Every structure is written in structure tokens, then in C-alpha cells.
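Chains as they are written, first to last, in this note's numbering: chain A, 54 to 502; chain B, 54 to 502. Reading through the C-alpha cells given below for one structure.
There are 2 protein chains.
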Amino acid sequence: MQFQLTDELIEKVEVLVEEKNDKELKSLLNEFHYADIAEILDELDLDDALYVIKLLDSETTSDVLMELDEDTREKILRNLSAKEIAEEVEELDTDDAADIIAELPEDRQDAVISQIVDEEHRAEIQELLAYDDDTAGGLMAKELVKVYETWTVAGCLRRIRGQAKEVTRVHSIYVVNKQEQLIGRLSLKDLIVAKSDQKIADIAKDSVDWVHVNDDVEDVAKVMAKYDLEAIPVVDDNQTLLGRITIDDIVDVLKEEADKDYQLAAGITQEVEADDSILQLTKARLPWLVLGLFGGLGSVFIMKGFEEVMETVPSLFFYTPLIAAMAGNVGVQSSAIIVQGLANDNVRGSLIGRLLKEVGLALINGFALALLVVLFGFLISQNTTESIAIATSMMSVIIVAALIGTFVPIILDKRGIDPAIATGPFITTSNDILGIYLFFVISGLIIGF
Amino acid sequence: MQFQLTDELIEKVEVLVEEKNDKELKSLLNEFHYADIAEILDELDLDDALYVIKLLDSETTSDVLMELDEDTREKILRNLSAKEIAEEVEELDTDDAADIIAELPEDRQDAVISQIVDEEHRAEIQELLAYDDDTAGGLMAKELVKVYETWTVAGCLRRIRGQAKEVTRVHSIYVVNKQEQLIGRLSLKDLIVAKSDQKIADIAKDSVDWVHVNDDVEDVAKVMAKYDLEAIPVVDDNQTLLGRITIDDIVDVLKEEADKDYQLAAGITQEVEADDSILQLTKARLPWLVLGLFGGLGSVFIMKGFEEVMETVPSLFFYTPLIAAMAGNVGVQSSAIIVQGLANDNVRGSLIGRLLKEVGLALINGFALALLVVLFGFLISQNTTESIAIATSMMSVIIVAALIGTFVPIILDKRGIDPAIATGPFITTSNDILGIYLFFVISGLIIGF
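And the structure:
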């Protein structure tokens, strides 16, 4: 594609702002898509960004606002009056408008809402604000094209010309009965292909997918991805049509979920970006490191308990980082596969079957690794009994680590806790301690101490 | 939503297959969406699945085939003749058809292609097969609605009625000139709202986004997500319109990328699922474990070099798993943030700035953790000099680990290697060895050995 965010471009904008050369600035920015303008603003100083925001026409500004980094948007909104924010919100679709308002501090929300002039828009935004962020209701927009089953194709086309102007993209046309209940759908294509005196009820498809307003957004994403839908209507308990969710919002949900899971696996507790402040990054990273530290201190405690072994079999202590690493790596592998399987609904079959499979897998991997350890012991002329003890106890540690990595996420999931938190440092830490304890106990049984 | 894949449902299908009760089986399956039927087939024996596939009508079968698990699809296709596969392929859009054929062994591909009756469809599929999987060309479909700038709205609507029947969803209508070059776009809505004697050239929007046929699919996904596009046209060097990519394919690309990155972070080298065979899972997991083992054996070697320290400061050895874990955790955190930043194009600014930031962050985290280590040493009545030596060397290890975690992905990315491979076991392993070496060297300087 054509747009490239370069340092030269940013500098050019900065110079134009400093010179207050509004005319040239406007004509430069008018070339760009609002998403590109947002990328430029994310790189500017707050004062410069505010200058640009106030310069652009209101429709562009509202779109740019939606595309900004959350941090930048917060700073800019803090510097706009309630009336100015309300004017931006008027230009946005209801879902985006509600998202912007929800980000404001509580005391500013009411001030902004009361400044919205269009009563219908205001009422719809207030309705959307009442839904939980993680539900279909929190994601849907009120904008949609709705027709009654009793209309004719010709009448329908006439009225759609009116409704469609408010709706950015038409996708499906939803068919409702007199009670406003969703009973079917139509595509614009169906309408164009039909004869103008046909009744909507006769050409509507009654196999319409829908989600409930309280459904979890991740479930909505799954349904839309599975059935390749580009929009899905949202209904309440009475099947009343409340709104619709479009695929572009789902793409954002999928990206956020993927980023969050990836960071959890890497031991980062909050959503942060490389360009966040040191304080934000510390808050996201330190908690897991402290957990890891406690795990490590736990190992110190356990090894102190085996201090006298240092005189008889000192080499065991050289292997403790290896054992901890193996326990951690195997645990993370097992848990990652289960966490993904749970997310994609393909963890099926009995727990016993899964247990046997994990043990089998750990035995194969563990045996291969144990052979390498014995070979290494041979190469560094280590006592053979010791090598065998180390290799055998490592195998046991691998099996236990795999079982823990498999079952902790399954148990969390059954209790309704997001299993993704079980991956990364959590599994690593608990497996470290347990692994080192097992290592000394089993080695002791074989060598005899 | 309504569909639930239950054991009862699978059993019911199995019984109907065994009884060869075709009528009831058909009427049961006709209730379901093809994506649901695919989920059922994924759970059946191969013979049962084949029986169902041959029972369903050809249009449903082809859609079901596309939705199957890759493993199941491969097994089923192996049991269909080239002619049978060609019949399914005829029903599919060109992009799906090309995907199915590309999965076949080379020698069967030609056999299937030669059995495709529709010449245009065959030529289009052959064109698509020539593009690389990871490019826009490999993802695009030939089906699209195209109009010439010289047409009128009325003529356009008439011809679209013809073209649109082949196209599942219309999205945008692409406007081309006589040379078949993409020059603009229209929505169906624009057409419906326009007057019937207007010229297409007058109502078309000329700000049309497009991607080049050789663009990387990840870049296509980024463009479509950024600009909230639901379809994007694909052009060649001459701006000739070649095909279009729809958002549902991008959703699949995003999901696959996210799964792959997550697995890489967890130390799994190939795409596997919880339900894959033990052999497949071993192949995906063992390589990273062997790498981790070599890292651990490296630590054994280093610690053997410091064996005489065991007599003077034995407690140092109790801390080695802690040091290895900290080095690993910090390295994974740093690399994960950079890998995500690189993927989302928000790693900007100078390398020196990033270096200073990482060091600052590591100093803050390291200092907090060092205090805890000193406190712990006090609680277990450890020699104070030893505690301070351990805490200080741990801080140094954390700083080095953070720098390695930050710069390895950046360097890989600059060399055109996927930085995601640098996370997980790779960083953990190298940081383990280096961390333990640094730990002994710095402790030695402080304690004096």
C-alpha cells in the first residue's frame, strides 16, 4: 500500500504546526485516510496533536479519535470540553460513540451525554453504555437496516434508501415482524434480483444467525469466524432485534485476545506496548518476576534441606538449573497446547485418555533426553550410577511437569477461570520447586542417601 | 448460538450410518450449517465420514470439505477419485478450489485439474495455484463484480444481476477502464441511491485501496484491519485488476498467525493441536526440549568450573535455579514485548533510546527483586556479604537478560528472520547459561574467590 509513516512526514507536520500554516497542513492531511492521520498524531507532542485535531473538520476528527492509541486519545479528550467531545460523538456510529464515552472519567460521562443534541442518538448511546464491555451488547451498534415482513420489494427499496444513508455498510438487511422480533434476513443482492411487487416475507431467508445481547464477545467471534459472517444481529430474550455486530469489530477483538494471551504466556500481566512508559512496563512485568523469585527462593529452601548431599554427590547440584529448566519448558509446552485447545473447543474425550496420552508423550520425550544426559555423563567421565540417577529422576520430573501443565489449565477452565493465566511463569514457578524436590528425592532413592 | 457438538449427536450419526438409514441421516444433517456438519465429520471414523460425504449433495459436500480439519480432509480426499474431487472443486469459489488442490500430492493435482469441466474455472484455478501461499495472490479469489467506467447505472444494475449470481457476497463493485486497470469502486448502496442514467465514472469513488499480488498476507491483514476493509482488490504491476481478498480469509490468517506465535513462545515448533497424534506432538516439542537440555548441560559445565567454590560458599549453588529462572523470565518478557511491537509496527525511535529504557526498566525491577533476596537472606540468617553478592549479581544478570531479550529479536527482524522464533526456549536457554556464568563471576568479585 501507499502510506508510510516516516520521520520526515512527522517532521513536516511539526513544522507546519509551528508555522501555523493551516492551509498547507489541511491540504497535506486531506490526502490521508483517517487511520493514517491517527498514526501521525500518535507520534506528535500533545500540543501539536491538539492543534491538528482542532484544525480538521468534525467528521474526520471523530474518525481519527477512534483510531488513536488509547493513551493519546485519553490525553486529547482531557483537553477538550464536554461540548467539543459531544460534537465528535454525534458524528460517530453508536458503538464507537459509546466506546469513547466509556473511556472518560465517570464525572465527565454525564456532562458529555447531556450535550449530545440528537435525542435518538443520545438514547441509543445510553442504552449501549449499560451493557458489559465483554458482551455482544457492549460491542454492537444500533445502526442497521431493518424491514418488516409485510413490505413489498419496491416499498422496501424506497425505504432502504432512507435508512441506508445512516449505515456505513449495509451487509444484511434484517427482517422483523410487527413485534420487532428478528425473523429472517435478506441481502441487497436478493432485493435487486427480486421482482418489485414480491412480498419481503416471500424472499427473506429464515435461517438467520444471531447472538444474544449477553453472549461473551469471544463466543461471538467464534460464531462469526466459524460461519464466515460479516455481520450478525443481536437479540434479547424475546428475540427482539437490538443491534448488530460487524466483522471489523471482531477483527479487533481477535487481535486483542491474541496479544493478551501471548503476553500472559510471556509473563506480562497487563496490556502494554513497547512504547509505554517505564512505570507502566514495570507494573506489567514485576508481579510475575516476584512470583518467579518466590519460586526460586523456594528451591533455595529445598536445596538447603539436602545440603549434606553436597559432600557425597556434589555433581547433583550442577544439574539443578537443568532440572528446573526442563520442568518449566515441558510445563509451558503442555499448558500452551491445552490452552489453545480449550480456546478452539477441540479438547474433547475423557480425562483418563488425555492423561495416558500426556504420560506417553512425556515418556518418549523424557527417554530421549535421558539418553542424552547419560551420554553427556559418559563424555565428562561422570560416575555411571550418578548419571543414571540424574537421567531417571529427570524423566520423572518431565512426566510430572507435563501432567501439571495439562491439568492445571483444564481445572481452571472448569472453574470458569481463564486458563491462559496458568501458562508462563505460573506453571514455570510451581514446576521449578516441585521438580527440584522430586529430583533430589528420586536421585536419593537410586544413589542411596 | 444453537448448535452444540455433543457425544449424543455423534453417536446418533454413527448409528444412522451403521443402519444405512440414508433418509433420516439426510434429514438430520440438512438442519445443520455446513461448518457444523464438518465438526461432526471430524469426530467420525474415516469410513463413516466418507459415507456421509458421499450421501450429501455436491454443493454441501464441497462446503463441508473446506471446513474440515486438515487431517480429516486429507484422509477423505485420499479416498475420493480425481473425478469426484473435480466435481467438488467445481462447486467452490476459485480461492477455496485452489487451496484444496494445493493440498493434494503433486501427481494427483494434474489429474484433478484435467477433470474440471468448466474451462474458465479451470484456467482461473491454475492461475491461482501459481502464486505463493503467503502472498495476496495465494489468498485472493477470482470472483468479483467488475464494471466499466463507461457504463450507465441502469446498464450496470442489469449486468450486475448476472455477475452477482456467481459471487457469494458483493462487497464493493470495482470500476475498471478499457485496459482492465482498477480505477475506482462503488458500493451496491451507491448504485441503488444513484439515478439510473448517471455514468459510472461520475458516481465511482476513485480513492480505492488495493494490494499488490505479491504482497505478504500479513501485510494485507494489517491494511484491511487498519482501514476496516471487508474486501480489497488485488492488482499487478500494471494496476490490472486480478482478484479480491475478503475479510473472512483474513480472519483465518490472523487466527493462524496468533496460534503460531503463541506456540513459538511456548516452545512448540510446528502447528499442532491437542488432538494430534503422539508422534506429531513429539516432533513439535522435542527439538526445543533438546535445545533446553543443551543449555542445561552448558550450565553443568560452567558450574563444574566453579566446583571449589562449593567448599567456601556452598549457598551460591542453591541460588542457581533462581538465577536461571530470572534470566529466562526477564528475557522472555523483553522479547515478547519487542516481538509484538515489531508485528504491530510500533517499535520506533533510536536503538540507543530503547537500550537506555530497557536498562532503566531492568534496574527498577532488578533492584526491587534484589531487596527481596537480601530480606530472604536475613530471614534464613545467611551471611550478609553473601546475600549482597547474590542480590547484586542477580541484578546484573537481569540487566543483561533484558538487553539480550530486546536486541536479539530486533537483529533477527533486521535480517529478515521472523523475530518470534527468538522468544521462548531460545532466549531462555542462552540466558540460562550466560546468567549462571555471570552470577559466579560477579559473586566471586564481591565475596572474593
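Using N, Cα and C, we set each Cβ at its ideal position, and we do this for glycine too. All figures in this text were calculated on a predicted structure; none of them were measured in a lab.
Answer with buried or exposed for Pro462/A, where buried requires no fewer than 16 other C-beta atoms within 10 angstroms of its C-beta.
buried
Under a three-way DSSP split, which group does Arg338/A fall into?
Three-state DSSP puts Arg338/A in a helix.
Please determine, among Arg338/B, Lys65/B, Lys357/B and Asp485/B, the residue with the shortest C-alpha to C-alpha distance to Asn418/A.
Arg338/B
Let me make sure I understand the geometry here. Which of Gln251/B, Lys195/B, Ser260/B and Asp305/B has the alpha-carbon closest to that of Phe85/A?
That would be Ser260/B, whose Cα lies nearest to the Cα of Phe85/A.
What residues of chain B sit near Ala318/A, judged by a beta carbon separation below 7 angstroms?
Tyr315, Ala318 and Ala319
With respect to the beta strand (DSSP E) encompassing Ile285/A, which residues constitute its N-terminal and C-terminal limits?
Where Ile285/A is concerned, the enclosing beta strand (DSSP E) stretches over Ala284 to Val288.
State yes or no: is the C-beta of Gly296/B within less than 8 angstroms of the C-beta of Met193/B?
yes
List, from N- to C-terminal side, the beta strand (DSSP E) runs of 3 residues or more that fit wholly inside the region 253 to 280 of chain A.
Entirely contained in the region 253 to 280 of chain A, not one beta strand (DSSP E) run reaches 3 residues.
Measure the alpha-carbon distance for Glu77/B versus Leu69/B and round it to whole angstroms.
7 angstroms
Could you check how far apart the C-beta atoms of Leu121/A and Ala91/A are, in whole angstroms? I think they sit under 8 angstroms.
5 angstroms
Kindly list the residues whose CB is nearer than 7 angstroms to the CB of Ile464/A, restricted to its own chain and excluding five residues on each side of it in sequence; keep chain order.
Excluding sequence positions up to five before and after Ile464/A, its CB lies less than 7 angstroms from no other CB in the same chain.
Going straight from the alpha carbon of Lys467/B to that of Glu202/A, what length do you get?
A direct Cα-to-Cα measurement between Lys467/B and Glu202/A gives close to 59 angstroms.
Tell me the rounded alpha-carbon separation between Leu422/B and Leu130/A.
37 angstroms
Can you confirm whether Met54/B, when its beta carbon is compared against all beta carbons of chain A, has any partner nearer than 8 angstroms?
Note on Met54/B: pLDDT 49, under 50, position unreliable in the model; the coordinate value appears next. Output row for Met54/B: interface = yes.
Would a check of beta-carbon distances place Gly348/B closer than 8 angstroms to chain A?
yes
Let me know the secondary structure DSSP gives Gly237/B once reduced to three states.
strand
List the residues of chain B that Phe371/A touches, going by C-beta distances under 7 angstroms, in chain order.
Val353, Met356 and Lys357
Is there contact here, the region 105 to 112 of chain B with the region 128 to 148 of chain B, by at least three beta-carbon pairs under 8 angstroms?
A contact exists between the region 105 to 112 of chain B and the region 128 to 148 of chain B.
Considering only residues of the region 145 to 228 of chain B, which uninterrupted beta strand (DSSP E) runs meet the minimum length of 3 residues and lie entirely inside it, listed in chain order?
For secondary structure counted as the beta strand (DSSP E) over 3 or more consecutive residues, the region 145 to 228 of chain B holds these complete runs in sequence order: 198 to 201.
In terms of residue numbering, what span does the beta strand (DSSP E) encompassing Thr299/A cover?
First-last of the beta strand (DSSP E) with Thr299/A: Leu294 to Thr299.
Would Asn418/A pass as an interface residue toward chain B - the criterion being a Cβ-Cβ separation below 8 angstroms?
yes
Pick helix, strand or coil for Asn397/A, following the three-state DSSP scheme.
coil
Just the Cα atoms here: how many angstroms apart are Arg175/B and Ile166/B?
Linking Arg175/B to Ile166/B through their CA atoms gives a straight-line distance of about 7 angstroms.
Among residues of its own chain, excluding the 5 on either side of Ala490/A, which ones have a beta-carbon nearer than 6 angstroms to its beta-carbon?
In the sequence as presented, Ala is not what sits at residue 490/A; that position holds Tyr. Ile355.
Look up Ser449/B in the DSSP assignment and say whether it is helix, strand or coil.
helix
Tell me which residue opens and which closes the alpha helix (DSSP H) that Phe479/A is part of.
Taken as a continuous stretch (DSSP letters only), the alpha helix (DSSP H) holding Phe479/A covers Pro478 to Ser496.
Taking a contact to mean a Cβ-Cβ separation below 8 angstroms, would you say Ala311/A touches Ala274/B in this structure?
The Cβ atoms of Ala311/A and Ala274/B lie no closer than 8 angstroms to each other.
Going straight from the alpha carbon of Leu94/B to that of Ala454/B, what length do you get?
48 angstroms
Per DSSP, what kind of secondary structure is Ile499/A in: helix, strand or coil?
helix
Under 8 angstroms, do Ala389/B and Ala318/B count as touching if we go by C-beta distance?
yes
Determine the contact status of Met448/A and Phe420/A, defining contact as a CB-CB distance below 8 angstroms.
yes
Classify Asp186/B as buried or exposed, calling it buried when 16 or more other Cβ atoms lie within 10 Å of its own Cβ.
Exposed is the call here.
When you compare the CB of Tyr227/B with every CB in chain A, is at least one pair closer than 8 angstroms?
no
So which residues of chain B does Trp204/A contact, with C-beta pairs closer than 7 angstroms?
Those do not exist, as Trp204/A stays about 16 angstroms from chain B at its closest Cβ, beyond 7 angstroms.
I want to know whether the region 362 to 381 of chain B touches the region 369 to 385 of chain A - three or more CB-CB distances under 8 angstroms.
yes
The alpha helix (DSSP H) that contains Ala247/B, what's its start and end?
Careful: Ala247/B lies outside any alpha helix (DSSP H) and carries neither H nor E.
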